[in-house]
Structure formats: structure tokens, C-alpha cells
Ligand SMILES: Cc1cc2nc3c(=O)[nH]c(=O)nc-3n(C[C@H](O)[C@H](O)[C@H](O)COP(=O)(O)O)c2cc1C
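Below is the structure:
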């Protein structure tokens with residue numbers, strides 16, 4: 017029974033590690049492939065797909081080998097094997113062997129690396145920021161060893177309570193105990209101390225590795241003026257399709273004065289922002305949405321939950337506001353967030369992303385206004 021439990025725990029560790037290893041490429045940021053900074057579309061290229069496929073096959077192969085190894089141990093190992101130091105070594109092996117396909121994938125992914133400027137040279141369009149530990153190591157990867165340690169601690173506490181005052185510490189070749197010691201919490205929990213020490217050591221080494229790679233690619237968004245015509249937008253869409261741009265911001269302020277014609281101060285020079293900009297900026301946003309699938313930040317004249325919703329409906333993936341804060345204060349952000357959440361709930365949807373672009377066609381043709 018104890019053997020079955022030990023094999024079961026090791027098997028569980030193996031399955032969890034395998035599942036997480038298989039999901040690993042989908043869990044990291046799109047511009048990182050096995051820790052290598054790559055272009056956003058690198059995963060969709062034939063080479064990127066092949067690297068991920070080979071990695072997953074490697075993980076499955078490792079899992080099969082480990083399962084066969086565990087099954088053989090279960091069938092052939094003497095009972096005291098499961099009370100020996102091997103119970104520390106096996107989980108370590110199970111945790112470390114899946115690193116082999118990862119390291120091989122990392123080596124292949126280096127062929128797809130994009131050239132980063134040297135750490136000492138600032139990028140022309142965006143500042144570089146230090147890499148963070150979480151850029152490389154998803155939190156779940158950190159949680160796994162902790163879960164393993166917690167599991168071991170619980171198992172040991174359970175057996176400690178049930179163990180007799182004198183416990184065997186060594187066994188002869190036939191599996192019979194030949195040395196004893198009084199039970200002590202310190203020795204019982206040696207396995208946990210060892211795991212904690214190794215965990216701290218591995219984390220420390222990982223942090224050092226991450227810090228050694230000093231820079232990361234910063235996302236770059238292109239911000240457009242709302243005073244562009246359709247031909248200019250066509251040209252922009254064509255150019256950005258050939259770049260590694262991360263997204264657009266639509267739009268900046270307008271130099272036109274149509275929305276405020278006849279009003280006091282309408283003839284002042286400079287960019288016009290706020291509510292009068294809303295319809296023009298939202299129309300341009302929708303027109304760009306029809307020309308690109310890149311993420312777009314919708315900005316220009318947002319002043320209420322309704323206007324924020326309209327930006328999403330016109331095709332924004334995120335929104336930004338500035339001028340209305342002068343009039344509505346920071347409370348406005350709260351009102352907008354609550355308004356958007358209410359709309360999402362009232363329509364039985366789960367996320368604001370479900371409404372993105374649903375009225376882009378009408379906004380693009382100028383059939384809608386607010
Ligand atoms: C006083 C002021 C300064 C601005 N400065 C910048 C700037 O430096 N760079 C920029 O891209 N946009 C700038 N903007 C434009 C805003 O970021 C925003 O695109 C525009 O005001 C429309 O949004 P809003 O109606 O919510 O203000 C500025 C706007 C205002 C009113």
C-alpha cells in the first residue's frame with residue numbers, strides 16, 4: 017500500500033510536469049520562444065512550428081520513458097527502496113529530465129532570434145527595460161516545486177504521526193532493518209529541507225541567468241492623426257504589414273475645427289482633443305480596424321461609459337483617455353469601468369473583447385455618431 021502511494025505520488029508529479037511542459041510554449045509571451053526573443057510571428061513560421069512540435073514530441077518521449085522506469089521500479093524494487101534516499105532523487109529526476117527537450121528547443125530557437133541593440137545603446141523608438149524573472153519563468157513553473165514540497169511535507173507529517181517511537185534507519189540486502197534511531201522531526205523532514213534548499217538554489221541560479229540577459233524588446237505602437245484620408249490609411253496599413261509593429265493608437269488630436277465651428281476659441285491653433293474629437297477619431301479607428309488585425313488602442317474624446325463602449329465596438333482592443341479627466345476627474349475611470357462591466361454582464365458575455373469591432377462597419381462609413 018505504501019509502495020503504491022509512493023509510486024502514485026511520483027506518477028502524479030510526472031503527469032503534472034508533462035502537462036505543464038506541453039503547455040509551456042503557449043504560456044510564455046509571444047515574443048519569447050523558449051527564452052529567446054523572437055519576432056511576434058515567429059511561432060507561425062514553418063521553423064517556429066517545427067521547433068514547438070519537436071519540443072512537444074520530446075516531452076512526450078521523456079514522459080513515456082519515465083512511466084516505463086516508474087513501472088519497472090514498482091514491479092522490481094524491494095519494499096525498503098521506497099523508504100530510502102531514492103524517494104528524494106526520483107522526483108528530482110522527474111523534474112529535471114523534461115529540461116532536456118526544453119534546452120534542445122532553446123538551442124534551435126536561437127536561429128530565430130531577432131537582433132537586439134547592445135544593452136548600452138538605447139533603442140531609437142523605445143526605451144529598453146530590464147528583463148524580469150517572470151518574462152522567462154511562468155509563475156506556474158515556480159508553483160510546481162512548491163506544490164511538490166507541500167505534498168512531501170504533508171505526506172511526511174502524516175507518516176510521522178503514525179510512526180513508532182523507534183524507527184529503522186538502515187536495512188540489509190534482504191530488506192530487514194539493522195539500525196534504529198528514535199524518531200525525530202529533524203530527520204523525518206530531511207527530505208523537505210533538501211527540496212527547499214534545491215528549490216532556493218535553482219531559483220537563485222535562474223534569477224542570475226535572467227539578470228545576465230539585460231534587455232528586452234519593448235512593444236512599439238504607432239499613433240495616428242485623425243486627419244488622414246483613406247488613401248493615407250491604405251498606405252500606412254501596407255507599410256505596417258511588413259514591420260514588426262505591435263499595434264496602433266488611433267488617434268491623436270485633430271487640426272480640423274469642423275466639430276467646434278462657430279464656437280468661442282474655435283480659431284485657436286493647435287490640436288483639438290476631447291468630446292468634439294470623438295466621432296472623427298472613432299471613425300478613423302474603425303477604418304484602421306478594417307485594414308489591420310493588429311491591436312489598436314482607441315483614444316480621442318472618450319468621456320463616458322457609452323463612448324468607451326463605442327470605441328470597443330468600433331474595433332479598439334484597449335482604450336485611453338486624457339481630456340475628459342480634466343472635467344470628470346479620476347472618478348470617471350471608475351464609472352467607465354463599471355459601465356463596461358454592466359454592459360458585458362447584461363449581454364451575457366464574459367469579456368469586453370467579445371464586443372470588439374462589432375460595429376466597425378457602421379462607424380467606418382460614418383453612419384454612427386455620439
Ligand atoms: C495637452 C495635451 C498634450 C498632449 N501631448 C501628447 C504627446 O506628447 N504625445 C502624444 O502622442 N499625444 C499627446 N496628446 C494627445 C493625447 O494623448 C490624445 O491622443 C488626445 O488628446 C485625444 O484623447 P482625449 O480626447 O482623451 O484627450 C496630448 C493631448 C493634450 C490635450
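In my numbering, the protein residues as written are 17 to 386.
Heads up, the beta-carbon is just placed ideally off N, CA and C, and yes, glycines get one too.
Query                                                                                                                                                                  : Result
Do three or more CB pairs link the stretch 263 to 272 to the stretch 346 to 357 at distances below 8 Å?                                                                : no
Contact defined as beta carbons within less than 8 Å: I believe residue 373 pairs with residue 331. What is the distance between those atoms, to the nearest angstrom? : 4 Å
So which of 211, 46, 53 and 320 has the shortest CA-CA distance to residue 338?                                                                                        : 320
Just list the residues that DSSP pairs residue 266 with in beta bridges.                                                                                               : 240 and 314
Do you know how far the Cα of residue 271 is from the Cα of residue 248?                                                                                               : 16 Å
In three-state DSSP terms, what is residue 343?                                                                                                                        : helix
Identify whether residue 129 lies in helix, strand or coil by the three-state DSSP scheme.                                                                             : strand
Measure the CB-CB distance between residue 186 and residue 194 and report whether it falls below 8 Å.                                                                  : yes
Between the alpha carbons of residue 137 and residue 170, how many angstroms are there, rounded?                                                                       : Bear in mind that a pLDDT of 48 at residue 137, under 50, signals an unreliable position, so the number given afterwards is only what the model happens to contain. Near 51 Å, if we compare the C-alpha coordinates of residue 170 and residue 137.
Tell me the DSSP secondary structure of residue 220 in three-state form.                                                                                               : helix
Output the boundary residues of the beta strand (DSSP E) element that contains residue 302.                                                                            : Note, residue 302: premise wrong, no beta strand (DSSP E); alpha helix (DSSP H) at 294 to 305.
Should residue 213 be labelled buried (16 or more other beta-carbon atoms within 10 Å of its own) or exposed?                                                          : exposed
Below 8 Å on the Cβ atoms is my contact criterion, and I expect residue 73 with residue 30 to pass it. Report the Cβ-Cβ distance as a whole number of Å.               : Contact doesn't hold; Cβ gap of about 17 Å is too wide.
Report, in whole angstroms, the separation of the C-beta atoms of residue 50 and residue 118, which I expect to be a contact under 8 Å.                                : 6 Å
By alpha-carbon positions, which one of 307, 385 and 182 ends up nearest to residue 203?                                                                               : 182
By alpha-carbon positions, which one of 62, 20, 279 and 129 ends up nearest to residue 92?                                                                             : 20
Since residue 84 sits in a beta bridge, which residues does DSSP pair it with?                                                                                         : Its beta-bridge partners do not exist; DSSP assigns none.
Specify the secondary structure class of residue 194 as computed by DSSP and reduced to three states.                                                                  : strand
Report, in whole angstroms, the separation of the C-beta atoms of residue 305 and residue 250, which I expect to be a contact under 8 Å.                               : Their Cβ separation, rounded to whole angstroms, is 14 Å, which puts residue 305 and residue 250 out of contact at 8 Å.
What is the rounded straight-line gap between the Cα of residue 241 and the Cα of residue 291?                                                                         : 16 Å
Can you have a look at residue 350 and say buried or exposed, based on whether 16 or more other CB atoms are within 10 angstroms of its CB?                            : exposed
Would you call the stretch 49 to 67 and the stretch 94 to 107 in contact, with 3 or more CB pairs under 8 Å?                                                           : no
Measuring only from the beta carbon, is residue 340 closer than 7 Å to any heavy atom that is part of ligand 1?                                                        : yes
At the level of alpha carbons, what is the spacing between residue 109 and residue 64?                                                                                 : 28 Å
At the level of alpha carbons, what is the spacing between residue 111 and residue 218?                                                                                : 12 Å
Please state the DSSP three-state secondary structure of residue 49.                                                                                                   : strand
Tell me, which residues are paired with residue 336 by DSSP?                                                                                                           : 315
Report yes if the C-beta of residue 372 is less than 7 Å from at least one heavy atom of ligand 1; otherwise report no.                                                : no
How should residue 294 be labelled, buried or exposed, when 16 other C-beta atoms within 10 angstroms of its C-beta is the threshold for buried?                       : buried
What number of angstroms, rounded off, separates the C-alpha of residue 301 from the C-alpha of residue 253?                                                           : 12 Å
How many angstroms separate the CA atom of residue 196 from the CA atom of residue 99?                                                                                 : 14 Å
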